[in-house]
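All remarks here apply to the structure that follows.
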Amino acid sequence: MKKVIMGNHALSYGAKLSRAQVISAYPITPQTQVVELLSEMCADGSLDAQFIKVESEHSAMASCIGASVAGARAFTATSSQGLALMHEMLHWAAGGRHPIVMGDINRSMAPGWSIWTDQNDTLSQRDTGWMQFYCASNQEVVDTVIQAFKVAETLMIPVMVILDAFALSHTYEVVDVPDQALVDRYLPPFKPAIKLTPADPRAFGGLTGAEHYMELRYRLQTDMEKAPALIEETGREYEKLFGRNLGLVDPYRCDDADFIFVTSGTAGYTARAAVDDLRASGVKAGNLRIKVFRPFPFDRVREVLAKVGKAAVVDRNCSYGAGGIFYQEVKSAVYGRPGMPALFGYIAGLGGRDITTDSFKEIAADALAKDRPEEEIVWIGVKK
Amino acid sequence: MRPKKAKKIVFKSAEEMPLMICSVGDQTHNLTGAWRNIRPEIDRTNCIQCGICWKFCPEPSIDVVDEWPVVDYDYCKGCGICAEECPQKCIVMVEERK
């Protein structure tokens, strides 16, 4: 059924269609509508789930972990400072192998106090062991939540589904809300092999000595390495039922391109418009939107970039003292491989500053005028 | 006295370990008494068999055997709570000499 909904409500519908059984959350701008709608769904009975009101995001994630270990499908959503407050529990969720799905609305970290978008909140959680899926449309959000539960529960690794603040969270779009019966066919009930139950009493998350800890982490990494193939497989399976594929990356006009923008989130769709404009003016441009950041899609990124001479990685984030985080990752993906393009790094759109088609044209002009990158970071639209 | 039969479980490979970090046996093999610097010694002369030491021991490492308190030195960490709480002051903490 087609509905006009905001990005935040796309997360709510995704959780509802996935038949989340426990929702525990604390409100924070710009995430509030996600859990507001879910609480209404729980209250009117359209979603058969326990809604837990908590006093902080740390407790929201802690109670999702408790629910998950007891065998329930758990969902939460947060943003920025709330995600930062969850940090300890993010390690508990991933290290303990609890397949929780969480929506995060990318909001800049304070100070300066900001409610507008950039990616430093989620990218600061890069090494917690969560998968991270960056979405670019409301349709992709609904579909991705459903896929995220399937991937998370298959590998027992939690997933963050990530939306840009306002540019996606508060933007209304037409969304084909999937049919519940089809979703039920795609996503079976969550049945973990081990769970907290009086029938088989166990303690979870206990002291782990040096003789075992490393093996647990080895398995988290090796299971993460299985994720790219699983994401593509479940994406194709999704396409068979719903007509939309869900992959690791989303290339646009890359096949015959000479120059590629590497983007993530909603900036990826702005880049598409810039690509069309550039092509009309004779530049064979393309856009590679990286949807899945963890696990990093090394093979897909290399496949696309091997076709071009130059690529510009556009980051809406900064690792202070290093540079754009996607830029670092893309460089490490192509390092030492023959036939890879010169990579240029750009930082734009921090704190909700718009990234427009003009921003991309400025980036293209800069990269096309140089043989090699001259600086680690080229700042776009900053008042120097 | 509790049985101390459990053996420490050490997995040989990552694959045979449970994916989730959970208990797979008991910890009775872990003789925490080795942590002790001072040991409680009970003088039965003034002991009134009130059971307060048994009740307060956080481990719990005091058993009641034939109605008398007996310290289980395999697990007693020497915290001294029993000596502190004993109303008859008949438990003294003595330095370990190992």
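Chain order of the listed sequences is X and D.
Numbering follows our numbering, in which position 46 of the first sequence is assigned residue number 322; successive positions increment by one, without gaps.
Numbering follows our numbering, in which position 80 of the second sequence is assigned residue number 288; successive positions increment by one, without gaps.
Beta carbons: idealized from backbone N, C-alpha and C, even for Gly.
Because the structure is a prediction, the values reported are computed rather than measured.
Residue i, buried or exposed, once every other Cβ within 10 Å from all chains shown has been counted against 16
| i | result |
| --- | --- |
| Arg548(X) | buried |
| Gln307(X) | buried |
| Cys290(D) | buried |
| Pro248(D) | buried |
| Gly485(X) | exposed |
| Gln456(X) | exposed |
| Val273(D) | exposed |
| Asp380(X) | buried |
| His237(D) | exposed |
| Met282(X) | buried |
| Val421(X) | buried |
| Val450(X) | exposed |
| Leu239(D) | exposed |
| Asp397(X) | buried |
| Asp324(X) | exposed |
| Glu416(X) | buried |
| Ser355(X) | buried |
| Phe350(D) | In the structure displayed, chain D extends from 209 to 306; residue 350(D) sits before or after that span and is not available. |
| Leu483(X) | exposed |
| Tyr603(X) | buried |
| Met337(X) | buried |
| Trp655(X) | exposed |
Identity of the residues DSSP links to residue i by a beta bridge
| i | result |
| --- | --- |
| Lys278(X) | Asp452(X) |
| Lys586(X) | Phe535(X) and Ala618(X) |
| Arg247(D) | Val302(D) |
| Cys230(D) | Phe480(X) |
| Gly562(X) | Ile536(X) |
| Leu439(X) | Ile381(X) |
| Phe351(X) | Ile299(X) and Val377(X) |
| Asp271(D) | Val278(D) |
| Val654(X) | Tyr622(X) |
| Asp591(X) | Ile623(X) |
Limits of the alpha helix (DSSP H) - the one that residue i falls within
| i | result |
| --- | --- |
| Thr473(X) | That residue, Thr473(X), is in no alpha helix (DSSP H); it is neither H nor E in DSSP. |
| Thr398(X) | Asn396 to Leu399 |
| Gly358(X) | Ser356 to Leu361 |
| Ala609(X) | Ile601 to Val610 |
| Pro504(X) | Tyr489 to Phe518 |
| Trp262(D) | Ile260 to Phe264 |
| Val345(X) | Glu333 to Val345 |
| Arg570(X) | Unbroken run through Arg570(X) is the beta strand (DSSP E), Val568 to Arg570; no alpha helix (DSSP H). |
| Cys290(D) | Ile289 to Glu293 |
| Phe425(X) | Asn414 to Leu431 |
| Ile639(X) | Thr633 to Ala645 |
| Arg548(X) | Ala543 to Ala556 |
| Leu581(X) | Phe574 to Leu581 |
Residues that residue i contacts on chain D, provided the C-beta gap is smaller than 8 Å
| i | result |
| --- | --- |
| Gly372(X) | Met228 and Ile229 |
| Ile470(X) | Pro226, Leu227, Met228 and Cys230 |
Interface residues of chain D facing residue i [CB-CB closer than 9 Å]
| i | result |
| --- | --- |
| Arg495(X) | Ala222, Glu223, Met225 and Leu227 |
Contacts that residue i makes with chain D (C-beta to C-beta distance below 7 Å)
| i | result |
| --- | --- |
| Arg478(X) | Cys230 and Ser231 |
| Met277(X) | Under the 7 Å cutoff, chain D gives no residues; its nearest Cβ is about 38 Å from Met277(X). |
| Ile341(X) | Those do not exist, as Ile341(X) stays about 11 Å from chain D at its closest Cβ, beyond 7 Å. |
Start-to-end residues for the beta strand (DSSP E) that takes in residue i
| i | result |
| --- | --- |
| Asn284(X) | Not the beta strand (DSSP E): Asn284(X) falls in the alpha helix (DSSP H), residues Gly283 to Leu293. |
| Leu323(X) | Taken as a continuous stretch (DSSP letters only), Leu323(X) belongs to no beta strand (DSSP E), as it is neither H nor E. |
| Pro527(X) | Val525 to Tyr528 |
| Ala301(X) | Val298 to Ala301 |
| Tyr410(X) | Met407 to Tyr410 |
Contacts that residue i makes with chain X (C-beta to C-beta distance below 7 Å)
| i | result |
| --- | --- |
| Val218(D) | Glu487 |
The ligand NAD heavy atom lying under 6 Å from the CB of residue i
| i | result |
| --- | --- |
| Gly290(X) | Because no ligand of any kind appears in the structure shown, any question about the ligand NAD cannot be addressed here. |
Residues in the stretch 481–505 of chain X having any Cβ partner in chain D nearer than 7 Å: Gly481, Gly482, Thr484, Glu487, His488, Glu491, Leu492, Tyr494 and Arg495
Got a sec: which bits of the stretch 425–450 of chain X sit with their beta carbon under 9 Å from any beta carbon on chain D, in order along the chain? Met432
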